[in-house]
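What follows is a short report on a single structure.
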């Protein structure tokens with residue numbers, strides 16, 4: 001992800017996050033006895049102290065120079081390489097406050113209360129769930145749409161341009177607000193009784209021949225966990241009965257009951273564009289590089305494909321979900337993994353070759369800076385950001401890298417599927433080895449530069 005590919009700068013000076021994606025941690029190995037402590041040995045390091053050549057290294061002392069803390073495993077080697085190439089030293093005690101950078105994949109380890117604004121960098125805005133959970137994003141977009149519908153176009157335009165500064169070519173993105181149905185498939189919340197009843201009421205009297213497929217997703221999970229399809233009226237009826245039983249058993253556990261129903265049911269895009277007969281989606285990035293003032297950027301990522309040809313009638317979830325976690329369940333994954341991730345350049349070349357003439361598309365429909373695909377993704381991301389901007393906690397040094405998943409249907413219409421905090425930073429494919437490290441490096445370099453500049457500008461303004 002090069003700087004030239006980051007194409008949505010905006011700024012805002014107000015205050016402004018999700019429950020981080022669930023991640024897997026390395027299983028501890030055998031225990032090694034030492035004079036004063038026991039340390040679980042895994043080969044690399046843990047959040048207590050690092051292990052090198054079978055020996056426990058001492059924690060970096062205070063005043064040892066620039067320090068960073070990394071909590072978790074997702075992207076650990078990439079972030080560590082960036083920091084250590086600059087002479088920063090890693091610390092392993094999450095309670096320490098003398099760090100320059102703190103990158104935690106779960107926010108519970110972040111300790112935001114001890115954050116030193118303007119002096120440190122902290123990955124993940126504390127309340128990014130308003131953008132990066134399925135219900136959070138849906139609620140934010142609905143609220144934004146309600147507010148915008150109450151003001152006329154002129155007022156809305158003046159309001160938007162008064163609180164944000166865009167590069168000239170992107171100020172156009174604010175001229176027309178998209179209606180949600182233009183980029184979000186029809187969605188119902190199952191944890192809200194009225195919406196739940198509206199969904200089931202809509203399904204009454206619909207035959208299997210007339211019914212549309214729906215996909216049910218839990219709000220706070222990732223990697224396809226908890227997702228299931230409603231492919232028939234029998235499936236819909238079974239879901240309704242299950243929820244009714246839960247209603248009857250809620251008793252004193254009202255909040256637990258509500259959490260257990262925190263799902264959305266969304267219209268399934270049954271006619272997606274296919275690449276060599278396979279279903280795919282596009283992972284792009286929304287980088288909130290600075291929150292005081294806001295500086296927000298768009299970055300291209302990569303394309304994720306299924307192992308098997310698309311079959312809408314398949315009962316195998318890996319035929320419907322494109323993420324690597326699901327594709328790894330395919331017994332042929334090890335032989336096909338390089339085919340499950342394409343670069344954006346390969347995607348662009350394929351569309352040029354296969355669809356440019358037959359579908360009347362402009363050349364470089366995928367990657368051209370002013371073509372439909374890129375501009376529509378930018379427009380959707382911009383609208384999502386403005387829907388949550390006033391809600392996000394903004395302190396100088398907070399930053400976030402958000403994975404945005406888009407699907408393109410057979411009519412070349414772009415749909416937003418979801419936004420994810422703590423996006424996967426694994427590099428198990430050649431394309432990912434090229435894309436992910438550069439994306440992380442670009443992110444950290446830009447955030448560091450903008451923090452220094454914002455701190456300098458704030459100081460200059462205060463002196464004046």
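Residue numbers (the UniProt record's numbering): 1 to 464.
Built from N, CA and C at the ideal position, the CB exists for glycine as well.
Under a three-way DSSP split, which group does residue i fall into?
i, result
"residue 117", "coil"
"residue 36", "Because residue 36 carries a pLDDT of 34, less than 50, the predicted location of this residue cannot be relied on, and the following value inherits that uncertainty. Coil."
"residue 451", "helix"
"residue 366", "coil"
"residue 466", "No answer is possible for residue 466: it lies beyond the span of the chain, which begins at 1 and ends at 464."
"residue 273", "coil"
"residue 410", "coil"
"residue 220", "coil"
"residue 475", "Examination of residue 475 is not possible in this model, given that the chain is present from 1 through 464 alone."
"residue 466", "For residue 466 there is no data in the structure shown, the boundaries of the chain being 1 and 464."
"residue 456", "helix"
Below 7 Å CB to CB, which residues in the same chain sit around residue i once its five sequence neighbours on both sides are set aside?
i, result
"residue 67", "60, 88, 89, 91, 98, 99, 100"
"residue 336", "307"
"residue 269", "185, 407, 409, 415"
"residue 353", "none"
"residue 388", "130, 131, 140"
In the DSSP output, which residue or residues are listed as bridge partners for residue i?
i, result
"residue 418", "405"
"residue 267", "214"
"residue 71", "104"
"residue 284", "404"
"residue 187", "266"
"residue 90", "68"
"residue 337", "In the DSSP output, where bridge partners are listed per residue, residue 337 has none listed."
"residue 291", "294"
"residue 385", "DSSP output for residue 385 lists no bridge partner at all."
"residue 122", "102, 398"
"residue 304", "281, 341"
"residue 360", "Note: residue 360 sits in no beta bridge, so no partner."
Measuring only the C-alpha atoms, how far is residue i from residue j?
i, j, result
"residue 430", "residue 299", "19 Å"
"residue 274", "residue 280", "7 Å"
"residue 262", "residue 216", "10 Å"
"residue 213", "residue 236", "10 Å"
"residue 395", "residue 287", "16 Å"
"residue 344", "residue 302", "5 Å"
"residue 228", "residue 398", "35 Å"
"residue 139", "residue 375", "24 Å"
"residue 93", "residue 421", "23 Å"
"residue 441", "residue 75", "11 Å"
"residue 326", "residue 333", "10 Å"
"residue 102", "residue 357", "49 Å"
"residue 305", "residue 348", "15 Å"
"residue 318", "residue 277", "15 Å"
"residue 176", "residue 380", "11 Å"
"residue 205", "residue 117", "58 Å"
"residue 355", "residue 372", "14 Å"
"residue 246", "residue 178", "37 Å"
"residue 107", "residue 386", "23 Å"
"residue 232", "residue 69", "49 Å"
"residue 297", "residue 447", "11 Å"
"residue 322", "residue 339", "12 Å"
"residue 211", "residue 449", "53 Å"
"residue 181", "residue 283", "21 Å"
"residue 439", "residue 82", "11 Å"
"residue 428", "residue 79", "16 Å"
"residue 137", "residue 190", "15 Å"
How far does the alpha helix (DSSP H) with residue i in it reach, from first residue to last?
i, result
"residue 180", "Per DSSP, residue 180 belongs to no alpha helix (DSSP H) and is neither H nor E."
"residue 353", "344 to 355"
"residue 200", "193 to 203"
"residue 81", "76 to 84"
"residue 425", "Run containing residue 425: none; DSSP gives neither H nor E here."
"residue 136", "134 to 149"
"residue 327", "324 to 327"
Leaving aside the five residues before and after residue i along the sequence, list all residues of the same chain whose C-beta is less than 6 Å from its C-beta, in chain order.
i, result
"residue 156", "At residue 156 the pLDDT is 44, less than 50, meaning the model places this residue with poor confidence; the figure from the coordinates comes in the next sentence. Hits under 6 Å: 148."
"residue 186", "267"
"residue 391", "130"
"residue 111", "none"
Please list, in chain order, all residues of the same chain as residue i whose beta carbon is under 8 Å from its beta carbon, the five residues on each side excluded.
i, result
"residue 432", "302, 341, 426"
"residue 518", "The requested residue 518 does not occur in the structure, where the chain is confined to residues 1 to 464."
For the ligand FAD, I want to know if residue i counts as a neighbour, meaning its beta carbon is within less than 6 Å of at least one of the ligand's heavy atoms.
i, result
"residue 356", "The ligand FAD is not part of this structure, which contains no ligands at all."
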